[in-house]
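A.B. asks: Counting in the numbering used here, the sequence shown runs from 159 upward without gaps. We treat Cβ as the ideally placed atom computed from N, Cα and C, and that holds for glycine. Next up is a structure, given as structure tokens.
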Amino acid sequence: MAATSVTQYVPFIPDNAPFSPEQRAWLNGFLAGMYSAARPAVSAEHLPSLKIAVLYASQSGTAEGLARKVAKELTSKGHVATLLPLEGYTAASLAAERYAVLIASTYGEGDPPDAVQPFYNQLCMEHFPRFESLSFAVLALGDSNYEHFCKFGRELDEKLAALGGFRLCERVDCDVDLDASFAQWKVALHRSIVEITAAPSTTCKPEVVTCVVASSSVQTPSKKTATHTRDNPFLAPIVDKRPLTRDVSTKLTLHLALSIAGSEVSYEAGDACGVIPQNDLRLVEEILHKLKFSPDISVQIPKSGTVSMQVALLDHLQITRLTRKMVSAYATMGRCQHLMDLLTPEQQQNLDAYVWDRGLIDLLYEYPEVVRDPADLVAMLPKLTPRLYSISSSPAAHYGEIHTTVAVVRYRSHNRERGGVCSTMFADRSHADSHLPIYIQPNKKFRLPQDGARPIIMIGPGTGVAPFRGFLHERRALGATGKNWLFFGERSAATDFLYREELESMRKDNFLTRLDLAFSRDQEHKVYVQDKMLEHAPTVWSWLQDGASLYVCGDASRMAKDVDATLHTIVEQQGGMNTDAAQEYVHALKDQHRYHRDVY
159 MAATSVTQYV
169 PFIPDNAPFS
179 PEQRAWLNGF
189 LAGMYSAARP
199 AVSAEHLPSL
209 KIAVLYASQS
219 GTAEGLARKV
229 AKELTSKGHV
239 ATLLPLEGYT
249 AASLAAERYA
259 VLIASTYGEG
269 DPPDAVQPFY
279 NQLCMEHFPR
289 FESLSFAVLA
299 LGDSNYEHFC
309 KFGRELDEKL
319 AALGGFRLCE
329 RVDCDVDLDA
339 SFAQWKVALH
349 RSIVEITAAP
359 STTCKPEVVT
369 CVVASSSVQT
379 PSKKTATHTR
389 DNPFLAPIVD
399 KRPLTRDVST
409 KLTLHLALSI
419 AGSEVSYEAG
429 DACGVIPQND
439 LRLVEEILHK
449 LKFSPDISVQ
459 IPKSGTVSMQ
469 VALLDHLQIT
479 RLTRKMVSAY
489 ATMGRCQHLM
499 DLLTPEQQQN
509 LDAYVWDRGL
519 IDLLYEYPEV
529 VRDPADLVAM
539 LPKLTPRLYS
549 ISSSPAAHYG
559 EIHTTVAVVR
569 YRSHNRERGG
579 VCSTMFADRS
589 HADSHLPIYI
599 QPNKKFRLPQ
609 DGARPIIMIG
619 PGTGVAPFRG
629 FLHERRALGA
639 TGKNWLFFGE
649 RSAATDFLYR
659 EELESMRKDN
669 FLTRLDLAFS
679 RDQEHKVYVQ
689 DKMLEHAPTV
699 WSWLQDGASL
709 YVCGDASRMA
719 KDVDATLHTI
729 VEQQGGMNTD
739 AAQEYVHALK
749 DQHRYHRDVY
């Protein structure tokens, strides 16, 4: 008997309706629920469905988590969803798909996550075939505080369209606070899929299959759900706070230990600790005074409800940095011509310079009496987002504690002392027994080798040493026999040698097989970690040939690029390879999970 189907359109709120994105997403979800409850029962054995590949490019796990949600929802609606990482996936495999959903994080300087670069390189080959048979949707993830916001997701979307693919829905670019934009994108995606299954004669013809609706259509390993998340953090007491730099140093770096004893918080070496920051009360009070707002006036914060204006500025809203959206909203509200001029495309460089070292308080002084309604201020300001710090402890060696290594950011600009919101909170506004709201951000791409006999090479200047302190303590606690080599760099050995006593002790008893140091200002010419790598190139090559895994942590804009270029040079020189062969060798290290980068 031929399969039959009953199809109904899901009513939805149009994009031009007078609602905010959050309200529109909620209403569309409500209508979808009503539709789902009201539609006639259809036998699971005869439910029309599409085969849809749900693909993700993830560095820290966010994209993977969203992809799992999408795959689960598609499965619940009767489709056959296959969940796959773009790591190891090929462009040819994508060309063979009829329907694909891609969730892509941007990493570093607008790049794909490391392991996804080979896939994207294949996609960009001039001779690659067209994608006329593919219907796709892209969700781009990024952080608008960085210059290349969502760049990889945008380029992936444009490339697939240029190769002939058909967009199921328009790409949405998600900032760190992504719930509303993610929900909006899903509504558009599901709407398009419903239209396709209801009208098989359209350009995008569905591949209708018969399937039994079951969650097993998405093959994913079971895993324990984290009890504490960014929306439900754990209040961890500070049990240790001490400087790692000397008083005469030009900067302050702190060692911070937080207790998780008796909690359900757990982590692995290589993970990051998310901290929910709080703004400086003195700055909040100055803003309120300048605006002539009462601190007790009530305002609405999305997902948090009604709070006082002071609490909103302290705990919920970003006030220390400007974004293009903030400047645009302020300029429109106050009809500020100079700001309007900065927003024109040809003034992008000048706008970047303007927002680089200014915050909300600067706008209030430069263009006073623009904001008169507290609700307008709340609507203009981005959400205060968590800060992530590489964990510098080992769960095996530091039971019941999480350690972080924090460089305190302070600077002066426009006649005002400024600093990083979270790092100055640690330094100036936290003390012994203070409780900080934290959660764990897993970093599955930055793990020690399962085989403890494997050698490891760690490159971590400055606070980039943090995860490697955790690695060393973890390897020692677990009795790992593999050799350990650390490259560490800072300004001066006398003032900035982080964890000096620990590292020198490990080197002395030979647990740390090699410790190579690069203190840039301790000699006439500056020396960096990549210089030390090149100096010991034959040994680096020997360790790699012996199966060593290589790890890099720290600054993405310069250090990580220089280290990567140096690694290619070492492979060329020591391996007797040309440039192409060296690139293939380094790609092979990544494919073998022997080249890991945690850069920011």
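(1) Expressed to the nearest angstrom, what Euclidean distance is found between the alpha-carbon atoms of Val-334 and Ser-302?
(2) Where does Asp-704 sit, in a helix, a strand or coil, going by DSSP?
(3) Where DSSP assigns a beta bridge to Leu-241, which residues make up the other side?
(4) Kindly indicate which three-state DSSP category Asp-586 falls into: helix, strand or coil?
(5) So what does DSSP say about Met-192, is it helix, strand or coil?
(6) If Leu-416 and Phe-584 are in contact, beta carbons under 8 Å, what's the gap, nearest whole angstrom?
(7) Can you tell me which of Phe-451, Thr-562 and Asp-499 puts its alpha carbon nearest to the alpha carbon of Leu-522?
(8) Restricting to runs no shorter than 3 residues, where is the beta strand (DSSP E) found entirely within the stretch 592-675?
(9) What are the boundary residues of the beta strand (DSSP E) that Thr-411 is part of?
(10) Could you check whether Glu-255 and Ala-211 sit closer than 8 Å to each other, using their CB atoms as the reference points?
(11) Mapping the DSSP letters down to three states, classify Gln-759 as helix, strand or coil.
(12) What's the call for Asp-749, buried or exposed, on a 16-neighbour Cβ count within 10 Å?
(13) Taking its Cβ as the centre, do 16 or more other Cβ atoms sit within 10 Å of Glu-648, making it buried, or is it exposed?
(14) Check whether the stretch 668-683 and the stretch 718-733 touch, using three or more Cβ-Cβ pairs below 8 Å as the test.
(15) Measure the Cβ-Cβ separation of Pro-503 and Ile-434 and say whether it is below 8 Å.
(16) With Pro-532 as the anchor, note down where its alpha helix (DSSP H) starts and where it stops.
(17) By the 10 Å Cβ neighbour count, where 16 or more other Cβ atoms means buried, how is His-589 classified, buried or exposed?
(18) Could you tell me if Arg-530 is buried or exposed, where buried requires 16 or more neighbouring beta carbons within 10 angstroms of its beta carbon?
(19) For Thr-264, name the three-state secondary structure that DSSP assigns.
(20) Who are the near neighbours of Trp-699 in its chain, counting only those whose CB is closer than 7 Å to its CB and skipping five residues on each side?
(21) Assuming Ala-695 and Gly-620 are in contact, meaning their beta carbons sit under 8 Å apart, how far apart are those beta carbons, in whole angstroms?
(22) Can you give the beta carbon distance from Tyr-257 to Cys-431, rounded, assuming they're within the 8 Å contact cut?
(23) What number of angstroms, rounded off, separates the C-alpha of Leu-518 from the C-alpha of Arg-479?
(24) Please list the terminal residues of the continuous alpha helix (DSSP H) segment that includes Lys-399.
(25) Does DSSP put Leu-281 in a helix, in a strand, or in coil?
(26) When the Cα atoms are used, what is the spatial distance from Asp-438 to Gly-300?
(27) Which residue's Cα is closest to the Cα of Ala-611: Gln-599, Ser-592 and Asn-642?
(28) How should Gln-377 be labelled, buried or exposed, when 16 other C-beta atoms within 10 angstroms of its C-beta is the threshold for buried?
(29) Thr-464 to His-751, Cα distance in whole Å?
(30) Would you mind stating whether Leu-208 and Ile-351 have Cβ atoms separated by less than 8 Å?
(31) Report the three-state DSSP secondary structure of Arg-568 (helix, strand or coil).
(32) Just how far apart, CA to CA, sit Tyr-743 and Tyr-214?
(33) Could you check where the beta strand (DSSP E) with Ser-293 kicks off and where it finishes?
(34) For the alpha helix (DSSP H) holding Asp-510, just list the boundary residues, first then last.
(35) Buried or exposed, going by whether 16 or more other CB atoms sit within 10 Å of the CB of Tyr-557?
(36) By DSSP's criteria, Cys-327 is part of a beta bridge. Which residues make up the other side?
C.D. replies: With the given structure in hand:
(1) For the purposes of this step, residue 334 is taken as residue 176 along the sequence shown, with counting starting at 1. For the purposes of this step, residue 302 is taken as residue 144 along the sequence shown, with counting starting at 1. So the alpha carbons of these two residues sit roughly 8 Å apart.
(2) Along the sequence shown, read from residue 1 onward, the residue named residue 704 stands at position 546. Asp-704 falls in the coil class under three-state DSSP.
(3) If you number the sequence shown from 1, residue 241 lands on position 83. Val-212.
(4) Taking the sequence shown and counting its residues from 1, the one referred to as residue 586 is at position 428. Residue state, collapsed to three classes: helix.
(5) Locating residue 192 in the sequence shown gives position 34, counting from the first residue. Only weak support is given to the placement of Met-192: the predicted model assigns it a pLDDT of 49, under 50, and the value that follows is read from those uncertain coordinates. Here Met-192 sits in helix by DSSP.
(6) Here residue 416 corresponds to residue number 258 of the sequence shown, with the count starting at 1. Here residue 584 corresponds to residue number 426 of the sequence shown, with the count starting at 1. Wrong, their Cβ atoms sit about 11 Å apart, outside the cutoff.
(7) Within the sequence shown, the letter at position 364 stands for residue 522. If we check each option's Cα against that of Leu-522, Phe-451 comes out closest.
(8) 593-599, 614-617 and 642-648
(9) Numbered from 1 along the sequence shown, position 253 holds the residue referred to as residue 411. 410-417 is the extent of the beta strand (DSSP E) around Thr-411.
(10) Position 53 of the sequence shown holds residue 211. Position 97 of the sequence shown holds residue 255. Yes, Cβ-Cβ distance for Ala-211 and Glu-255 is below 8 Å.
(11) Outside the displayed range of the chain (159 to 758) lies residue 759, so it cannot be described from this structure.
(12) To locate residue 749, count along the sequence shown from 1; it is residue 591. Answer is exposed; the Cβ neighbour count stays below 16.
(13) Position 490 of the sequence shown, counted from the start, is the residue given in the question as residue 648. Counting Cβ neighbours within 10 Å, Glu-648 comes out buried, since at least 16 surround it.
(14) no
(15) The residue given as residue 503 occupies position 345 in the sequence shown. The residue given as residue 434 occupies position 276 in the sequence shown. In this structure, Ile-434 does not lie closer than 8 Å to Pro-503 by Cβ.
(16) As a first step, residue 532 must be located in the sequence shown, where it is residue number 374. First-last of the alpha helix (DSSP H) with Pro-532: 532-538.
(17) On the sequence shown, position 431 is the one that residue 589 refers to. Per the 10 Å Cβ criterion, exposed.
(18) Here residue 530 corresponds to residue number 372 of the sequence shown, with the count starting at 1. With fewer than 16 other Cβ atoms within 10 Å, it is exposed.
(19) Taking the sequence shown and counting its residues from 1, the one referred to as residue 264 is at position 106. Residue state, collapsed to three classes: coil.
(20) The residue you call residue 699 lines up with position 541 of the sequence shown. So the list reads Ile-728, Gln-732 and Gly-733, once near-sequence residues are dropped.
(21) Counted from its first residue, the sequence shown places residue 695 at position 537. Counted from its first residue, the sequence shown places residue 620 at position 462. The pair is not a contact, with the Cβ atoms about 23 Å apart (cut-off 8 Å).
(22) Within the sequence shown, numbered from 1, the residue matching residue 257 stands at position 99. Within the sequence shown, numbered from 1, the residue matching residue 431 stands at position 273. Not a contact, Cβ separation roughly 38 Å.
(23) Locating residue 518 in the sequence shown gives position 360, where the first residue counts as 1. Locating residue 479 in the sequence shown gives position 321, where the first residue counts as 1. Each residue's alpha carbon lies about 7 Å from the other.
(24) Taking the first residue of the sequence shown as position 1, residue 399 is located at position 241. Premise fails: Lys-399 lies in the beta strand (DSSP E), 392-401, not in any alpha helix (DSSP H).
(25) The sequence position of residue 281 within the sequence shown is 123, counting from 1. Here Leu-281 sits in helix by DSSP.
(26) For the purposes of this step, residue 438 is identified with residue 280 of the sequence shown, where counting begins at 1. For the purposes of this step, residue 300 is identified with residue 142 of the sequence shown, where counting begins at 1. Approximately 26 Å, taken between the alpha carbons.
(27) Sequence index remark: in the sequence shown, residue 611 carries index 453 (1-based). The shortest C-alpha separation from Ala-611 is found at Asn-642.
(28) Stepping through the sequence shown from its first residue, residue 377 is reached at position 219. Its pLDDT being 33, under 50, Gln-377 is placed unreliably in this model, and the coordinates cannot settle the point.
(29) Here the question's residue 464 lines up with position 306 in the sequence shown. Here the question's residue 751 lines up with position 593 in the sequence shown. Whole-angstrom Cα-Cα distance: 47 Å.
(30) The residue you call residue 208 lines up with position 50 of the sequence shown. The residue you call residue 351 lines up with position 193 of the sequence shown. Yes, they are a contact pair.
(31) Taking the first residue of the sequence shown as position 1, residue 568 is located at position 410. The answer is strand: DSSP assigns Arg-568 an E or B state.
(32) The count along the sequence shown starts at 1 and reaches residue 743 at position 585. The count along the sequence shown starts at 1 and reaches residue 214 at position 56. Approximately 25 Å, taken between the alpha carbons.
(33) As a first step, residue 293 is located in the sequence shown; it is residue number 135 there, counting from the start. Residues 293-299.
(34) Translated into the one-based positions of the sequence shown, residue 510 becomes position 352. Its alpha helix (DSSP H) spans residues 506-514.
(35) Translated into the one-based positions of the sequence shown, residue 557 becomes position 399. Looking at its Cβ environment, which holds fewer than 16 other Cβ atoms inside 10 Å, Tyr-557 is exposed.
(36) Taking the first residue of the sequence shown as 1, we reach residue 327 at position 169. In the DSSP output, where bridge partners are listed per residue, Cys-327 has none listed.
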